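Residue numbers for the sequence shown follow this note's numbering, beginning at 230 and rising by one.
Backbone N, C-alpha and C define an ideal beta-carbon position, used for all residues, glycine too.
Everything numeric in this text was worked out from a predicted model, so none of it was measured.
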Amino acid sequence: MTTITSSQEQQIVDQVPKQLYIGGEWRDGDRGTLIVEDPSTGEALCEVADASTENAAAALDAAAEAGPAFAAIAPRDRGEILRRAFELIIERKEDLAVLMTLEMGKTVKESLAEITYAAEFFRWYSEEAVRIDGRYATSANGQGRVLTMKQPVGPCLLITPWNFPLAMGTRKIGPAIAAGATMVVKPARLTPLSMLALGGILEQAGLPGGVLNIITTSSSGETTGPLISDPRLRKLSFTGSTEVGRTLMAQASQGLLRLSMELGGNAPFIVFEDADIDAAVAGAIVAKMRNMGEACTSANRFHVADAVADEFSAKLAAKMGAMKLGRGVEDDVDVGPLVDESQRSKVSELVRDAIGRGAQAVVGGQARDGAGYFYNPTVLTDVPDDAKLLHEEIFGPVAPVRGFGDEDEAIAAANDTEYGLVAYLFTNDLKRALRVCERLETGMIGLNQGMVSNASAPFGGIKQSGFGREGGYEGIEEYLETKYVAINL
Ligand code: NAP
């Protein structure tokens with residue numbers, strides 16, 4: 230890759246629609262505009278429409294109106310729209326990657342990986358659209374018949390975070406379209422551009438107006454609150470923090486909405502003494518440094534067998550210390566900035582707290598001076614039990630390493646958290662691998678690999694990491710209702 234010029238960057242930003250997408254039309258927001266920043270410089274990139282509650286209501290009107298006709302479209306036709314959108318995303322992936330990097334910070338190489346991952350949800354659900362079925366069975370007493378059919382859930386509100394600006398959207402939008410459901414999408418204020426670009430792509434792919442509506446806003450709670458209490462809304466799918474997830478669940482309880490909650494994590498990364506340590510370090514780099522550590526799946530705590538803990542920490546520190554920080558659009562950069570100053574301050578505070586309680590920084594340990602929200606990759610050892618970063622999501626490039634004695638101790642430490650999204654496990658002992666997988670309290674496990682994200686697999690958590698699954702056969706069920714007909718023969 231060669232570094233692109235600032236005028237090429239501007240051209241890519243200029244091409245993105247900046248208005249609200251409602252009922253198949255691009256419209257201004259009633260509250261003017263909101264500024265989108267480049268986190269690598271702290272400077273404004275552009276402005277996008279700022280939606281009011283009235284704009285949001287119009288978006289739900291459009292979704293509700295489009296619902297019956299869209300549900301009646303042939304499944305193959307819904308699948309073909311997704312397939313065309315998949316191809317358009319892949320065709321434009323270079324520009325989309327630069328756009329994502331400019332609004333979010335990660336390197337263009339990482340943005341390309343996210344765009345491929347995001348597009349795969351459209352390809353997967355283009356294939357699932359034609360496999361929605363029901364069943365016909367004899368009832369147990371033999372006297373009647375049971376018929377079931379699957380139908381779209383109805384209008385949905387989809388709320389997405391800033392850390393994966395495209396993929397967190399496509400893994401909701403893909404199955405919703407495949408199921409025949411219509412939707413209002415609200416991307417995060419910090420990173421609306423990728424979603425607006427996706428709106429343009431779906432429009433070009435032939436998605437009927439009103440099926441997908443996009444509202445960008447500077448006041449998320451105020452704008453989405455009335456939608457959540459609107460009786461026409463049938464489903465809320467949220468990806469974001471556990472704290473906001475709880476608030477939205479409380480709001481959604483009034484309307485008894487179907488819910489999917491993809492929330493925060495505190496992933497343990499366990500390395501047994503029988504593991505291939507170099508492979509574990511390579512896995513740790515992916516699990517920790519993907520997205521600069523700003524991922525719900527990011528390894529938050531490294532539990533390493535005492536016998537190999539020093540070797541693991543030294544090798545991890547050498548690799549993390551050698552990573553080059555810089556603007557994600559520049560050539561040869563490994564680590565971009567964090568998304569904003571509040572995120573960086575939170576990371577700094579967690580590291581200060583750990584060091585204050587006795588942790589040692591083998592590498593890093595502080596923010597980088599200068600423009601942008603950069604934080605140096607950091608490895609901490611001797612981290613005490615009460616360090617806050619063992620219990621909270623770090624969301625930054627910081628790896629706390631702790632030793633353990635035996636398998637029971639490792640499992641107890643790994644499960645000692647309110648979260649339950651993902652765990653990583655490195656061992657070459659098959660029996661141990663299966664034994665530990667069965668006892669880990671998480672929705673997903675990376676076994677001898679540092680990444681679990683895959684469009685063909687069910688992504689999701691347990692405990693305070695939420696519920697519901699995105700991806701795989703399971704993902705479309707979140708957008709379908711099962712209707713049963715009792716047949717008297
Ligand atoms: P966040 O603050 O919870 O925000 C997520 C989304 O909710 C954003 O679009 C945000 O909009 C919106 N929002 C915030 N308050 C709201 C309210 N009162 N009513 C309606 N919408 C509201 O989370 P974030 O900081 O963007 O994302 C990071 C979090 O997401 C982390 O905890 C991470 O673990 C989690 N995450 C989970 C998964 C998963 O699959 N489990 C995947 C990725 C990320 P504004 O930002 O515009 O206010």
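Where DSSP assigns a beta bridge to residue i, which residues make up the other side?
| i | result |
| --- | --- |
| T262 | A278 |
| W255 | Y250 |
| L376 | Y365, V714 |
| H532 | I499, R631 |
| L709 | P381 |
| L477 | For L477, which the question treats as bridged, DSSP gives no partner whatsoever. |
| F696 | M490 |
| T610 | Q589 |
| I388 | K415, F467 |
| L441 | M412 |
| F688 | E699 |
| L654 | I499, L676 |
| E272 | D267 |
| A596 | Y604 |
Starting from the C-beta of residue i, find all residues in its chain whose C-beta is less than 7 Å away, skip the five residues before and the five after it, and write them out in chain order.
| i | result |
| --- | --- |
| E343 | M329, F393, L395, A396 |
| V245 | L328, L422, L425, A426 |
| A286 | P455 |
| Q433 | L317 |
| M566 | Looking at the sequence provided, one finds Pro at residue 566 rather than Met. Closer than 7 Å at Cβ, skipping near neighbours: P268, S269, G334, G601, Y602, F603. |
| G634 | D535 |
| Q678 | G512 |
| Q248 | W255, R256, D257, A278 |
| G373 | A715, I716, N717, L718 |
Comparing the CB of residue i with every heavy atom of the ligand NAP, is any distance shorter than 7 Å?
| i | result |
| --- | --- |
| A326 | no |
| C525 | yes |
| P390 | yes |
| A417 | yes |
| S355 | no |
| E710 | no |
| L650 | yes |
| S340 | no |
| G695 | yes |
| T262 | no |
| E706 | no |
| M424 | no |
| G719 | Residue 719 cannot be examined here, being either before or after the span of the chain that is shown, 230 to 718. |
| M397 | yes |
| T476 | yes |
| G469 | yes |
| E491 | yes |
| V473 | yes |
| F498 | no |
| G494 | yes |
| G308 | no |
| S449 | yes |
| G701 | no |
| F393 | yes |
| G484 | no |
So residue i and residue j are in contact, right, with Cβ under 8 Å, and what is the actual spacing, rounded?
| i | j | result |
| --- | --- | --- |
| V558 | E502 | Going by Cβ atoms, the distance from V558 to E502 rounds to 42 Å, so no, they are not a contact pair. |
| E667 | G649 | Wrong, their Cβ atoms sit about 14 Å apart, outside the cutoff. |
| L492 | G690 | 7 Å |
| T711 | K379 | 6 Å |
| G625 | E523 | 7 Å |
For residue i, which residues in the same chain have their Cβ closer than 8 Å to its Cβ, ignoring the five residues on either side in sequence?
| i | result |
| --- | --- |
| G594 | V580, I584, N605, T607, L609 |
| V384 | Residue identity differs from the one stated: residue 384 is Pro in this sequence, not Val. Cβ within range, chain order: L289, A292, A293, G296, A410, T411, M412, V413, R461, L462, R463, K464. |
| A303 | none |
| D507 | K544 |
| D459 | A286, L289, G484 |
| L436 | I310, A314, I406 |
Within its chain, find whatever has a CB closer than 6 Å to the CB of residue i; leave out the 5 residues flanking it on each side and keep chain order.
| i | result |
| --- | --- |
| G550 | V592 |
| D243 | none |
| N644 | E670 |
| G428 | Y250, I443 |
| S725 | Since the first residue of the chain shown is 230 and the last is 718, residue 725 is not available in this structure. |
| V382 | A410, R463, K464, R487, Y708, E710 |
Looking at the ligand NAD, does it come within less than 7 Å of residue i, judged from the CB to the closest heavy atom?
| i | result |
| --- | --- |
| E349 | With respect to the ligand NAD, the structure shown offers nothing to examine, as its ligands consist of the ligand NAP. |
Check: Is it true that the segment 383-397 meets the segment 355-368, where meeting means three or more beta-carbon pairs spaced less than 8 Å apart?
Finding: Counting C-beta pairs closer than 8 Å gives fewer than three between the segment 383-397 and the segment 355-368, which falls short of the contact rule.
Next item on the list: State whether the segment 311-331 contacts the segment 490-501, with contact taken as three or more CB pairs (one from each stretch) at a distance under 8 Å.
Entry: Because the criterion of three Cβ pairs below 8 Å is not met, the segment 311-331 and the segment 490-501 do not touch.
Next item on the list: Would you check if there are 3 or more beta carbon pairs closer than 8 Å linking the segment 253-266 to the segment 277-288?
Entry: At 8 Å Cβ cutoff, the stretches touch.
Next item on the list: State whether the segment 695-704 contacts the segment 400-410, with contact taken as three or more CB pairs (one from each stretch) at a distance under 8 Å.
Entry: Yes, since at least three Cβ pairs between the segment 695-704 and the segment 400-410 fall closer than 8 Å, the two stretches touch.
Check: Do the segment 433-442 and the segment 289-296 meet, that is, are 3 or more Cβ pairs less than 8 Å apart?
Finding: Judged by Cβ distances under 8 Å, the segment 433-442 makes contact with the segment 289-296, as three or more pairs qualify.
Check: Taking contact to mean at least 3 C-beta pairs separated by less than 8 Å, is the segment 407-418 in contact with the segment 379-389?
Finding: Yes, the segment 407-418 is in contact with the segment 379-389.
Next item on the list: Evaluate contact between the segment 673-693 and the segment 345-358, counting only Cβ atoms and requiring at least three cross-stretch pairs below 8 Å.
Entry: Yes, the segment 673-693 touches the segment 345-358.
Next item on the list: Report yes or no: do the segment 651-660 and the segment 611-620 share at least 3 C-beta pairs separated by less than 8 Å?
Entry: Contact fails between the segment 651-660 and the segment 611-620, because fewer than three Cβ pairs, one in each stretch, are under 8 Å apart.
Note to self: I'd like to know if the segment 300-315 and the segment 350-359 are in contact, where contact means that at least 3 CB-CB pairs between them fall below 8 Å.
What the structure shows: Between the segment 300-315 and the segment 350-359 there are three or more inter-stretch CB-CB distances shorter than 8 Å, so the stretches are counted as touching.
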